[in-house]
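Per the working numbering, the sequence shown starts with residue 14, numbered consecutively.
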Amino acid sequence: MNGGPNVRHGWLVVGLCLIGATGATPQVAQDDGVVTLDSGVIRGTSSAPAENVRVFKGIPFAAPPVGDRRWRPPHPVASWGGERAADQFGPRCTQSGRPALGSGLPIQPRSEDCLYLNVWTAAEPDEHRPVMVWIHGGALTTGAGSGASYDGTNLARRGVVLVTINYRLGPFGYLAHPLLSAESEHKASGNYGVLDQIEALKWVQRNIASFGGDPDRVTIFGESAGSWSVQTLVASPLAEGLFHRAIGQSGGVLASYGATPGLRTLEAEGERFASALVGAGGPVTLATMRAASAVEVLETLLESENRVQPRPAVDGWVLPDTVRTIFESGQQNRVPVMVGWNADEGSLATQNAPADVAAYEAWARETYGGRVGSFFDAYGVATAAEARAEF
Numbered sequence: 014m015n016g017g018p019n020v021r022h023g024w025l026v027v028g029l030c031l032i033g034a035t036g037a038t039p040q041v042a043q044d045d046g047v048v049t050l051d052s053g054v055i056r057g058t059s060s061a062p063a064e065n066v067r068v069f070k071g072i073p074f075a076a077p078p079v080g081d082r083r084w085r086p087p088h089p090v091a092s093w094g095g096e097r098a099a100d101q102f103g104p105r106c107t108q109s110g111r112p113a114l115g116s117g118l119p120i121q122p123r124s125e126d127c128l129y130l131n132v133w134t135a136a137e138p139d140e141h142r143p144v145m146v147w148i149h150g151g152a153l154t155t156g157a158g159s160g161a162s163y164d165g166t167n168l169a170r171r172g173v174v175l176v177t178i179n180y181r182l183g184p185f186g187y188l189a190h191p192l193l194s195a196e197s198e199h200k201a202s203g204n205y206g207v208l209d210q211i212e213a214l215k216w217v218q219r220n221i222a223s224f225g226g227d228p229d230r231v232t233i234f235g236e237s238a239g240s241w242s243v244q245t246l247v248a249s250p251l252a253e254g255l256f257h258r259a260i261g262q263s264g265g266v267l268a269s270y271g272a273t274p275g276l277r278t279l280e281a282e283g284e285r286f287a288s289a290l291v292g293a294g295g296p297v298t299l300a301t302m303r304a305a306s307a308v309e310v311l312e313t314l315l316e317s318e319n320r321v322q323p324r325p326a327v328d329g330w331v332l333p334d335t336v337r338t339i340f341e342s343g344q345q346n347r348v349p350v351m352v353g354w355n356a357d358e359g360s361l362a363t364q365n366a367p368a369d370v371a372a373y374e375a376w377a378r379e380t381y382g383g384r385v386g387s388f389f390d391a392y393g394v395a396t397a398a399e400a401r402a403e404f
């Protein structure tokens, strides 16, 4: 299930109390919602004026992973001139299927250009408040840091500087392929979503002091697939030093169902997918794979025999071994970790249910596009009650 920072997790408050103190970096210029980052100046908006809570939405933390940058590690974001408005969420990463729990309706725009994060703060620049970075759930296939349940106003009121992030999903974030591995200087592929999360944490280290946060007191936390991601980051040597505490909610990558497969297994899966994507008789090259549109990638994914099950891979770079083996051998990053299960989260399953037939049909058109006719043939509804039941 996919909860969020403002869901009532009884023990999550304990996580807020675990967070400990110190200093900062880039130069700060914060006046009426204006913040200077290492890549440029942004202006946010007020989230709770009476309590001085400000929100900065849609901040790019990496270059758009489009064109030749599809299926590559994230590339540094280009600096911008002037003042950039940070009052709108960036697009959620390209995805198919129904929204993750916590996303809310209506569905936000989707794009491969999606590597954006959001910050909520009530801190002054020199306060060095504890930082929490939320990694959303959604089976590594759906969701976004801008989900309606992930609004950070309440945590900012409690003295936290909250960051929520996007990361590439589905085949865009977790496709492994021999050609992609051969192209990589690390001879690795498939962990692009994890690398996006790491890039966002690097951004936090460089910039969070500008929002009154302490880069030496960063807690990562996530739920469901976000919890898997948290535990993967604790295991990854590439994330060393980027955070100082970790909380995993309702998702265990150490369990058998969260097993981390080897790169060769996922490359074979990726070869089948790429052959279907390029089409019969077409040469499978990096150029033809990257030339396919996002819609073509998603349509290929809808065919059951072409499934890419997104999960982190043991690639010898991001993950030198399975997450479980890394923990068992004591090779994980040495940070306090709290893992548990959220009470009563099944109630979240009802929050996105459409209120009537029109809302159900709008969701179906957004989700299934040109295939919506086939969907309605199988799952058409006539009443609001049927719409809620089918959803």
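Virtual Cβ for every residue (Gly too), placed ideally from N, Cα, C.
Arg-303: which of Glu-312, Val-291 and Thr-313 sits nearest, CA to CA?
Taking the first residue of the sequence shown as position 1, residue 303 is located at position 290. When only C-alpha atoms are compared, the closest one is Val-291.
Using DSSP's beta-bridge definition, name the partner residues of Ile-55.
Within the sequence shown, residue 55 is the residue found at index 42, counting from 1. The partner list for Ile-55 (beta bridge, DSSP) reads Val-48 and Arg-97.
Would you report the Cα separation of Phe-388 and Gly-382, rounded to the nearest angstrom?
Taking the first residue of the sequence shown as 1, we reach residue 388 at position 375. Taking the first residue of the sequence shown as 1, we reach residue 382 at position 369. About 10 Å.
Let me know if Leu-315 comes out buried or exposed under the rule of 16 or more other beta-carbons within 10 Å of its beta-carbon.
For the purposes of this step, residue 315 is taken as residue 302 along the sequence shown, with counting starting at 1. Leu-315 should be labelled exposed.
According to the Cβ coordinates, are Asp-328 and Asn-204 closer than 8 Å?
Numbered from 1 along the sequence shown, position 315 holds the residue referred to as residue 328. Numbered from 1 along the sequence shown, position 191 holds the residue referred to as residue 204. Yes, the pair counts as a contact, with Cβ atoms nearer than the cut-off.
Leu-246 beta carbon less than 8 Å from that of Val-176
Taking the sequence shown and counting its residues from 1, the one referred to as residue 176 is at position 163. Taking the sequence shown and counting its residues from 1, the one referred to as residue 246 is at position 233. No. Outside cutoff.
Do three or more CB pairs link the stretch 80-87 to the stretch 56-69 at distances below 8 Å?
no
Note down, in chain order, each residue of its chain lying with its Cβ closer than 7 Å to the Cβ of Ala-287, except the 5 sequence neighbours on either side.
The count along the sequence shown starts at 1 and reaches residue 287 at position 274. His-190, Val-297 and Met-302.
How close, in whole Å, do the beta carbons of Val-385 and Ala-391 come, if the pair is a contact with beta carbons under 8 Å?
Translated into positions along the sequence shown, residue 385 becomes position 372. Translated into positions along the sequence shown, residue 391 becomes position 378. Their Cβ separation, rounded to whole angstroms, is 11 Å, which puts Val-385 and Ala-391 out of contact at 8 Å.
Excluding sequence positions up to five away, which residues of its chain have a Cβ less than 7 Å from the Cβ of Arg-82?
In the sequence shown, residue 82 corresponds to position 69, counting from 1. For Arg-82, where only same-chain residues beyond five positions count, the Cβ hits under 7 Å are Ala-76 and His-88.
Backbone CA spacing between Met-14 and Asn-167 [nearest angstrom]
Locating residue 14 in the sequence shown gives position 1, where the first residue counts as 1. Locating residue 167 in the sequence shown gives position 154, where the first residue counts as 1. Since pLDDT at Met-14 reaches only 41, below the 50 mark, its modelled position is unreliable, and the value read off the structure follows with that caveat. For Met-14 and Asn-167, the distance between alpha carbons rounds to 21 Å.
For Met-14, three-class secondary structure by DSSP:
To locate residue 14, count along the sequence shown from 1; it is residue 1. Residue placement at Met-14 is poorly supported in this model, since its pLDDT is 41, which falls under 50; the coordinates are not used for a value here.
Please classify Trp-147: does DSSP put it in a helix, a strand, or coil?
For this step, residue 147 is matched to residue 134 along the sequence shown. Strand at Trp-147.
When the Cα of Ser-242 is compared with those of Gln-108, Tyr-187 and Glu-379, which residue comes out closest?
Locating residue 242 in the sequence shown gives position 229, where the first residue counts as 1. The shortest C-alpha separation from Ser-242 is found at Tyr-187.
Could you please give the first and the last residue of the uninterrupted beta strand (DSSP E) stretch that includes Gly-160?
As a first step, residue 160 is located in the sequence shown; it is residue number 147 there, counting from the start. Neither: Gly-160 is in no beta strand (DSSP E) and is coded neither H nor E.
Quick check on DSSP: helix, strand or coil for Trp-133?
Within the sequence shown, residue 133 is the residue found at index 120, counting from 1. Trp-133 falls in the strand class under three-state DSSP.
Please check the pair Arg-142 and Asp-229, which I expect to be a contact at CB under 8 Å, by giving their CB distance rounded to whole angstroms.
Within the sequence shown, residue 142 is the residue found at index 129, counting from 1. Within the sequence shown, residue 229 is the residue found at index 216, counting from 1. Not confirmed; about 12 Å, so no contact.
Could you name the residues of the same chain whose beta carbon sits closer than 6 Å to that of Ala-152, not counting the 5 residues immediately before and after it, in chain order?
As a working note, residue 152 is residue 139 in the sequence shown. For Ala-152, where only same-chain residues beyond five positions count, the Cβ hits under 6 Å are Ala-238.
Does the Cβ-Cβ distance between Arg-3 and Val-348 come in under 8 Å?
Past the edges of the chain, shown from 14 to 404, lies residue 3, and the structure says nothing about it.
Coil, strand or helix - Arg-401 by DSSP
On the sequence shown, residue 401 is found 388 positions in, with the first residue counted as 1. Helix.
Note the first and the last residue of the continuous beta strand (DSSP E) segment covering Thr-380.
Counting from 1 along the sequence shown, the entry for residue 380 is found at position 367. Careful: Thr-380 lies outside any beta strand (DSSP E), inside the alpha helix (DSSP H) at 370-381.
Can you have a look at Thr-278 and say buried or exposed, based on whether 16 or more other CB atoms are within 10 angstroms of its CB?
Against the sequence shown, residue 278 aligns to sequence position 265. Its Cβ having fewer than 16 others within 10 Å, Thr-278 is exposed.
With DSSP as the reference, identify every bridge partner of Ser-124, one or two as the case may be.
The count along the sequence shown starts at 1 and reaches residue 124 at position 111. Ser-124 pairs with Cys-106.
Using CA atoms only, rank isn't needed, just tell me which of Ser-240, Pro-250, Gln-244 and Arg-401 is closest to Gly-264.
The sequence position of residue 264 within the sequence shown is 251, counting from 1. Gly-264 has its Cα closest to that of Ser-240, out of Ser-240, Pro-250, Gln-244 and Arg-401.
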